[in-house]
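Each remark here refers to the structure printed beneath this line.
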Amino acid sequence: MFLRKSPWIIHYDATSCNGCDIEVVASLTPLYDLERFGIINMGNPKHADIFVVTGSVNPSSSAVVRNIYDQMPNPKVVVAVGICATSGGIFRECYNVLGGIDKVIPVDVYVPGCAARPESIIDGIVKALDILEQRSREFKKLRVESQRQEKKLRRYRLND
Amino acid sequence: MTPIDYYIHLDNIHLKAAIYIVLAPLLGGLLAGIDRKLSARMQGRIGPPILQPFYDVLKLFQKEKIIVNKFQNFNVILFFVFMIFTGSLFFLGGDLLLVIFALTLAGVFFALAGFSVNSPYCHLGAERELIQMMSYDPMIILVAVGMYLVTGTFRVDAIALYDKPLILFLPGVFLGYLHVLTIKLRKSPFDLSMSAHAHQELVSGLKTEFSGTTLAMIEIGHWYENVLLLGIIYLFFSFNSAVGVAAMLLLYFLEIVIDNTNARFKWELTFKSTWVVTALFGAANIIILYFAIRP
């Protein structure tokens with residue numbers, strides 16, 4: 001229940017024109033002030049809860065996107081910002097473009113727009129909070145279950 | 001009798017320690033929340049709720065633990081334990097010198113935690129943390145020496161009950177302490193080692209590799225530390241507890257203003273400026289005091 005109150009984000013620009021990335025940063029400025037929801041731009045995958053990706057994914061950025069995603073501790077959500085991140089946009093047919101971010105990692109919220117407006121980005125992130133909360137409950141259940149299994153294994157000395 | 005006087009005169013040592021261990025993180029977290037709110041207002045933003053630091057820490061307890069090697073958490077736990085130990089020594093009225101050495105030990109474990117992982121950002125943060133420790137430690141020891149010269153004792157409870165205002169004897173030491181307080185509270189211009197605002201050069205500095213519960217422990221450890229540092233400010237004004245509390249709050253506000261009006265220093269400037277201030281205000285004050293009170 002506290003995940004909703006303090007989601008920390010990391011943003012990564014896969015291969016966009018940087019327009020959406022600028023809008024993500026703009027939503028952290030005094031005018032929009034994302035911090036009033038407790039949202040901080042962490043810039044560190046190990047501290048982040050929400051992964052905000054802009055731009056379509058290509059063969060060289062796909063490894064980076066997956067790496068950042070894997071380094072984030074559970075529970076986590078992914079928000080694809082901008083039309084390139086959601087589907088590839090006008091670059092969809094390009095020979096070097098794989099498509100949207102969902103070709104590489106599972107995406108939870110799609111925020112279309114070229115460039116996506118800060119209002120819609122904030123809306124998308126706030127929508128992601130619900131999913132984060134749900135994911136947190138699932139994660140807790142999973143953790144309890146895995147601890148139970150571990151205890152069981154230890155009881156029968158099966159862990160080695 | 002104010003609550004602080006009541007606390008100082010409390011005879012039950014266990015109760016005293018329990019009060020500190022329970023109340024210090026609550027107070028520290030609340031101060032951090034007020035800090036964030038005021039900073040936001042100074043920047044023309046609305047800012048997070050006052051209880052935001054508590055939400056952050058409680059959230060971190062719900063997150064998955066990612067541990068890259070087993071020494072990492074060991075060092076952080078030692079940092080946390082020694083930080084509580086340091087604060088307890090201080091608030092139980094122990095020896096001020098011992099408090100300072102235990103504080104340094106906690107700092108060393110914190111830097112070791114940074115060195116125990118492989119991330120270059122962690123190493124950079126830990127190196128800067130060590131440089132910061134080198135910068136502020138002489139001044140903090142001078143605080144203890146100055147208080148000893150005036151009151152004739154290192155014991156915190158005796159210093160807190162000293163009836164004359166220490167600030168009148170130690171104005172230079174106090175100014176020097178304010179300078180290193182900015183480093184200890186990890187405020188701009190000295191937020192070199194692990195500032196969240198420096199993420200383009202440092203990622204998260206020292207705490208880059210720490211996540212979940214461990215990161216929460218680092219945060220709570222710093223709340224304990226901040227309360228201890230404000231406690232040292234109180235000693236300068238302990239002749240009157242109302243004045244002491246007012247001074248603590250005022251100086252914390254001053255630190256927030258400094259934080260919001262200064263750009264980050266490079267480590268060389270941090271080191272040099274701190275030692276110059278230490279010599280100019282701290283050491284000079286001690287020397288003058290020594291000749292003034294010599295029989």
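Top line first, the protein sequences correspond to chains A and B.
Throughout the first sequence, residue numbering follows my numbering, covering 1 to 160 in sequence.
Throughout the second sequence, residue numbering follows my numbering, covering 1 to 295 in sequence.
Beta carbons: idealized from backbone N, C-alpha and C, even for Gly.
Since the structure is predicted, the reported quantities are computational estimates derived from the model, not experimental observations.
Buried or exposed by the 16-neighbour rule on C-beta atoms within 10 Å, applied to residue i
i: arginine 143 of chain A; result: exposed
i: isoleucine 83 of chain A; result: buried
i: leucine 124 of chain B; result: buried
i: alanine 24 of chain B; result: buried
i: glycine 44 of chain B; result: exposed
i: arginine 128 of chain B; result: buried
i: lysine 140 of chain A; result: exposed
i: cysteine 94 of chain A; result: exposed
i: leucine 3 of chain A; result: buried
i: aspartate 130 of chain A; result: exposed
i: glutamate 268 of chain B; result: exposed
i: arginine 154 of chain A; result: exposed
i: lysine 207 of chain B; result: buried
Proximal chain B residues relative to residue i, where beta-carbon distance stays under 9 angstroms
i: leucine 129 of chain A; result: Those within 9 angstroms of leucine 129 of chain A in chain B number zero; the least Cβ separation is about 12 angstroms.
i: proline 59 of chain A; result: The premise fails here: proline 59 of chain A is roughly 25 angstroms from chain B at the closest Cβ pair, so nothing lies under 9 angstroms.
i: arginine 36 of chain A; result: Ala40, Arg45, Ile46, Gly47, Pro48, Pro49
Residue-level contact to chain B via CB, residue i, 8 angstroms cutoff
i: serine 6 of chain A; result: yes
i: serine 146 of chain A; result: no
i: arginine 135 of chain A; result: no
i: leucine 3 of chain A; result: yes
i: proline 106 of chain A; result: no
i: aspartate 33 of chain A; result: yes
Of the listed residues the options, nearest to residue i (C-alpha basis)
i: phenylalanine 109 of chain B; options: B:Asn75, B:Leu142, B:Ile141; result: B:Asn75
i: leucine 30 of chain B; options: B:Thr274, B:Phe265, B:Glu219, B:Ala292; result: B:Glu219
i: asparagine 12 of chain B; options: B:Asp137, B:Leu92, B:Ile141; result: B:Leu92
i: threonine 2 of chain B; options: B:Asp163, B:Gly87, B:Gly282, B:Gly244; result: B:Gly244
i: phenylalanine 90 of chain B; options: B:Pro171, B:Phe61, B:Ile232; result: B:Ile232
i: glutamate 225 of chain B; options: B:Ser273, B:Leu105, B:Asn69; result: B:Leu105
i: leucine 229 of chain B; options: B:Ile84, B:Asn69, B:Val22; result: B:Ile84
i: tyrosine 238 of chain B; options: B:Gly221, B:Ile183, B:Thr151, B:Leu142; result: Residue identity differs from the one stated: residue 238 of chain B is serine in this sequence, not tyrosine. Among B:Gly221, B:Ile183, B:Thr151, B:Leu142, the Cα nearest to that of serine 238 of chain B belongs to B:Thr151.
i: tyrosine 177 of chain B; options: B:Val227, B:Ile141, B:Tyr148; result: B:Ile141
i: leucine 235 of chain B; options: B:Ala263, B:Phe174, B:Thr274, B:Met139; result: B:Phe174
i: valine 78 of chain A; options: A:Tyr32, A:Tyr95, A:Ile101; result: A:Ile101
i: serine 60 of chain A; options: A:Ala128, A:Lys127, A:Ala14; result: A:Ala14
i: leucine 161 of chain B; options: B:Met147, B:Gly172, B:Gly107; result: B:Met147
i: phenylalanine 169 of chain B; options: B:Ser195, B:Leu289, B:Phe101, B:Asp259; result: B:Leu289
i: phenylalanine 281 of chain B; options: B:Ala18, B:Ser195, B:Val180, B:His222; result: B:Val180
i: alanine 85 of chain A; options: A:Glu133, A:Cys20, A:Leu153; result: A:Cys20
i: threonine 270 of chain B; options: B:Met248, B:Arg186, B:Leu249, B:Glu201; result: B:Arg186
i: lysine 127 of chain A; options: A:Phe37, A:Val25, A:Leu31; result: A:Phe37
i: aspartate 163 of chain B; options: B:Val143, B:Asn240, B:Thr182, B:Lys59; result: B:Asn240
i: glutamine 132 of chain B; options: B:Phe291, B:Pro120, B:Pro189; result: B:Pro189
Under 9 angstroms from the C-beta of residue i: neighbouring residues of chain A
i: serine 204 of chain B; result: Met42, Gly43, Asn44, Lys46, His47
Chain B contact residues for residue i, given Cβ-Cβ distances below 8 angstroms
i: asparagine 74 of chain A; result: Lys63, Glu64
Residues that residue i bridges to, as DSSP identifies them
i: isoleucine 9 of chain A; result: A:Asn41, A:Ile50
i: glycine 99 of chain A; result: A:Val57
i: alanine 80 of chain A; result: A:Val53, A:Tyr110
i: arginine 155 of chain B; result: B:Asp95
Chain A within 8 angstroms of residue i, Cβ atoms only
i: glutamine 72 of chain B; result: no
i: arginine 212 of chain B; result: As written in the sequence, residue 212 of chain B is glycine, which differs from the arginine given in the question. Interface residue, yes.
i: leucine 215 of chain B; result: yes
i: glutamine 52 of chain B; result: yes
i: lysine 187 of chain B; result: no
i: aspartate 104 of chain B; result: Strictly speaking, residue 104 of chain B in this sequence is threonine, with aspartate absent from that position. For threonine 104 of chain B, the answer is no, since every Cβ of chain A falls outside 8 angstroms of its Cβ.
i: glutamate 209 of chain B; result: yes
Min CB distance residue i to chain C below 8 angstroms
i: proline 118 of chain A; result: You won't find chain C in this structure, because its protein chains are A and B.
Chain B residues whose Cβ lies nearer than 7 angstroms to that of residue i
i: proline 30 of chain A; result: Gln43, Gly44, Arg45
Contact list for residue i against chain A, beta-carbon separation under 8 angstroms
i: tyrosine 55 of chain B; result: Phe2, Lys5, Ser6, Gly38
Partner residues on chain A for residue i, Cβ-Cβ distance less than 7 angstroms
i: leucine 58 of chain B; result: Phe2
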